[in-house]
Amino acid sequence: AQSVTQLGSHVSVSEGALVLLRCNYSSSVPPYLFWYVQYPNQGLQLLLKYTSAATLVKGINGFEAEFKKSETSFHLTKPSAHMRDAAEYFCAVSDRAGANSKLTFGKGITLSVRP
Amino acid sequence: DAGITQSPRHKVTETGTPVTLRCHQTENHRYMYWYRQDPGHGLRLIHYSYGVKDTDKGEVSDGYSVSRSKTEDFLLTLESATSSQTSVYFCAIQSQGAGNTIYFGEGSWLTVV
Numbered sequence: 148a149q150s151v152t153q154l155g156s157h158v159s160v161s162e163g164a165l166v167l168l169r170c171n172y173s174s175s176v177p178p179y180l181f182w183y184v185q186y187p188n189q190g191l192q193l194l195l196k197y198t199s200a201a202t203l204v205k206g207i208n209g210f211e212a213e214f215k216k217s218e219t220s221f222h223l224t225k226p227s228a229h230m231r232d233a234a235e236y237f238c239a240v241s242d243r244a245g246a247n248s249k250l251t252f253g254k255g256i257t258l259s260v261r262p
Numbered sequence: 086d087a088g089i090t091q092s093p094r095h096k097v098t099e100t101g102t103p104v105t106l107r108c109h110q111t112e113n114h115r116y117m118y119w120y121r122q123d124p125g126h127g128l129r130l131i132h133y134s135y136g137v138k139d140t141d142k143g144e145v146s147d148g149y150s151v152s153r154s155k156t157e158d159f160l161l162t163l164e165s166a167t168s169s170q171t172s173v174y175f176c177a178i179q180s181q182g183a184g185n186t187i188y189f190g191e192g193s194w195l196t197v198v
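Read top to bottom, the protein sequences are chains C and F.
All residue numbers for the first sequence refer to the numbering used here, where the first residue is 148 and numbers rise by one.
All residue numbers for the second sequence refer to the numbering used here, where the first residue is 86 and numbers rise by one.
Quick look at the structure:
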């Protein structure tokens with residue numbers, strides 16, 4: 148069985164500050180890890196994914212995440228927050244990178260950006 | 086945009102009535118999914134399909150059924166809606182041509198009163 152833990156439900160940062168959203172996973176097999184973003188009243192958009200290649204993954208909109216097996220973590224970071232980054236962020240894990248993969252999501256974290 | 090259309094986008098229905106949500110895709114993807122999103126739970130898998138007439142249960146399938154009679158349509162049915170099924174429902178497809186990325190539709194807001 149797989150699971151994802153996203154501690155806390157809300158993170159608030161100032162515009163221009165570092166964004167750090169934490170994600171820890173549990174998996175009995177090598178995991179494949181994803182970050183999705185959801186803007187209000189929209190579907191989910193893939194930010195980035197780890198599929199066992201480079202441990203530092205760069206995504207869209209300046210976000211990146213680092214896979215750390217020893218810490219079972221896949222934290223999302225962005226050096227400088229923009230107002231447009233305000234959204235809900237979901238970490239997810241899958242047991243495969245190929246066809247018919249099924250995602251298990253964390254509870255999500257709402258990011259607020261203060262002017 | 087992965088060519089996913091969900092309908093209806095918003096629906097209010099009464100307890101005990103049947104409800105069907107439709108997911109339509111235009112790009113011939115084999116794998117399709119239905120998730121529900123609830124505060125404090127993230128998204129949870131209801132059912133998925135790996136081809137026409139090939140479906141299976143996900144984590145929270147009780148009270149739901151699905152059908153896929155053609156590649157482009159994946160229907161989610163609540164046989165007798167309950168208030169606990171008030172949620173936002175998302176359809177998703179897996180794009181094998183895009184590194185097996187899973188793309189989501191815009192969501193269907195369902196309120197059961």
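Positions of the beta carbon are idealized from the N, C-alpha and C atoms, including for glycine.
Open item on the list: Determine, for Leu130/F, whether the minimum Cβ-Cβ distance to residues of chain C falls below 8 Å.
Closed with: yes
TODO: Determine the chain F residues that contact Leu168/C at a beta-carbon separation under 9 Å, and present them in chain order.
DONE: In chain order: nothing, as chain F lies at least about 14 Å away.
Task: Proximity test, Ser154/F beta-carbon vs the ligand GDP heavy atom, cut-off 7 Å - done: With respect to small molecules bound, the structure shown includes none, and the ligand GDP cannot be examined in it.
Open item on the list: Please state the DSSP three-state secondary structure of Arg107/F.
Closed with: strand
Open item on the list: Please classify Gly253/C as buried or exposed, where buried requires at least 16 other C-beta atoms within 10 Å of its C-beta.
Closed with: buried
TODO: State the Cα-Cα distance for the pair Ser134/F and Pro262/C, rounded to the nearest angstrom.
DONE: 44 Å
Open item on the list: Taking the alpha-carbon of Arg231/C as reference, which of Ala246/C, Thr198/C and Glu162/C has the nearest alpha-carbon?
Closed with: Glu162/C
Task: Cβ-Cβ separation, Leu168/C to Leu250/C (assumed contact under 8 Å), whole Å - done: Wrong, their Cβ atoms sit about 17 Å apart, outside the cutoff.
- [ ] Identify each residue in the region 175-190 of chain C for which the Cβ-Cβ distance to at least one residue of chain F is less than 7 Å, and report them in chain order.
- [x] Gln189 and Gly190
- [ ] Check whether the Cβ atoms of Tyr179/C and Ala244/C lie closer than 8 Å to each other.
- [x] yes
- [ ] Measuring only between beta-carbons, confirm whether Pro185/F sits less than 8 Å from chain C.
- [x] What sits at residue 185/F in the sequence shown is Asn, not Pro. At least one chain C Cβ lies under 8 Å of Asn185/F.
Task: Rounded separation between Trp194/F and Pro187/C - CA only - done: 13 Å
- [ ] Note down the Cα distance separating Ile89/F from Val198/F, rounded to an integer number of angstroms.
- [x] 28 Å
Open item on the list: Beta-carbon within less than 6 Å of Leu154/C's beta-carbon, same chain only, minus the 5 sequence neighbours each way: which residues are those?
Closed with: Arg169
- [ ] Consider the Cβ of Phe214/C: report whether some Cβ of chain F lies at a distance smaller than 8 Å.
- [x] no
Open item on the list: Tell me whether the region 107-116 of chain F and the region 132-149 of chain F touch, counting them as touching only if at least three CB pairs, one residue from each stretch, are closer than 8 Å.
Closed with: yes
Task: Environment of Lys138/F [buried if 16+ CB atoms lie within 10 Å] - done: exposed
- [ ] Show which residues of chain F have a CB atom less than 9 Å away from the CB atom of Lys254/C.
- [x] Pro124, Gly125, His126 and Gly127
Task: Closer than 8 Å to chain F by CB, Asn288/C - done: Residue 288/C lies beyond the residue range present for chain C, which begins at 148 and ends at 262; the question has no answer from this structure.
Open item on the list: Assuming contact is defined by CB atoms lying nearer than 8 Å, are Lys205/C and Phe181/C in contact in what I supplied?
Closed with: no
Task: Buried versus exposed, by CB contacts within 10 Å (16 or more), Lys225/C - done: buried
TODO: Closer than 7 Å, Cβ to Cβ, to anything on chain F: give me those residues from the region 192-205 of chain C, in chain order.
DONE: Leu193
TODO: Output yes or no for whether 8 Å exceeds the beta carbon distance between Phe221/C and Phe214/C.
DONE: yes
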